[in-house]
Amino acid sequence: MSRIPLPYNSKVMDLFRNPKNLGKLEDATIVAVAGNPACGDMITFYLKINQQTQIIEKAQFESYGCAANIATSSIVTEMIMGLTLEATWADITWQKVTEEIGGLPSVKFHCGVLAVGALKRAIRKYFNDQGSEPVWMPKENTFEEKQALEEEELANTLSKRLKPEEEKSP
Ligand code: FES
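In our numbering, the protein residues as written are 946 to 1115.
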């Protein structure tokens, strides 16, 4: 069976082949995961944050997603380094990331949404761990965070359905 390759632009392909800031960041201040290992679409963001200035000094990622997810995650790390958490929260949306990467095939929009969902989850976790949410952070999850949750719930449901009967019983 032949598969038609997706029309990725050269920037996406380049970042997919040579992603920037890939790998674990040992001295990360915060680590957040989005996606589900059961379906393979999983991303981890590592952020090193200056506690005084709240500037993201370093950002790295690991991704087990597709080319679009790897490329969008890579460009997210480049876009946020040097920004404050507040500016990152306000400026980084899946639309902006998709634009920055030169566009994605519409069936791949969710891969960029997942990357931004993981980033926003990391920022929310940073403040939750400190026990104080800033006034600029909405109480309700953003679109990207909601989408990440939905993908995780769907993947969990599917992986349970696909488990052999004997594994399901206690
Ligand atoms: S991350 Fe799942 S298809 Fe791209």
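Glycine is no exception: its CB is placed at the ideal position from the N, C-alpha and C atoms.
Expected contact under 8 Å - CB spacing of residue i and residue j to nearest Å
i: G1047; j: V957; result: 7 Å
i: L960; j: A1004; result: That pair is no contact at about 14 Å.
i: I1020; j: I1001; result: Not quite, the Cβ-Cβ distance comes to about 14 Å (not below 8 Å), so this is no contact.
i: L1059; j: G1010; result: 7 Å
i: A1067; j: I975; result: 5 Å
i: A1093; j: K1053; result: Incorrect: roughly 15 Å between the Cβ atoms, too far for contact.
i: F1072; j: P1079; result: 6 Å
Of the listed residues the options, nearest to residue i (C-alpha basis)
i: N954; options: H1055, D1074 and E1045; result: E1045
i: F990; options: S1104, E1002 and S1008; result: S1008
i: E1089; options: F1072, S1104 and L1064; result: L1064
i: E971; options: K1091, M1082, P964 and L992; result: L992
i: L967; options: T1087, P952, N1073 and E1023; result: E1023
i: S1104; options: E1085, V1058, D986 and G1057; result: D986
i: S1018; options: C1056, D1074 and W1034; result: C1056
i: T921; options: A973, R1069, K1084 and E1085; result: With the chain represented from 946 up to 1115, any question about residue 921 goes unanswered, as that position is not in the structure.
i: E1031; options: A973, D1074 and W1081; result: W1081
i: A1035; options: N963, E1096, E1095 and T1087; result: T1087
First and last residue of the uninterrupted alpha helix (DSSP H) at residue i
i: D1074; result: F1054 to Q1075
i: T1017; result: A1012 to I1025
i: D972; result: First-last for D972: undefined, no H or E at that position.
i: T1102; result: F1088 to L1107
i: Q1040; result: W1039 to E1045
For residue i, the first and last residue of its enclosing beta strand (DSSP E)
i: M987; result: D986 to I994
> Are the stretch 973 to 982 and the stretch 1095 to 1104 touching by the rule of at least three beta carbon pairs closer than 8 Å?
Replying inline: Because the criterion of three Cβ pairs below 8 Å is met, the stretch 973 to 982 and the stretch 1095 to 1104 touch.
Margin query: Does the stretch 996 to 1007 come into contact with the stretch 1039 to 1046, if we say contact requires no fewer than three beta-carbon pairs (one atom in each stretch) closer than 8 Å?
Written below: The stretch 996 to 1007, when compared against the stretch 1039 to 1046, does not touch it at the 8 Å Cβ threshold.
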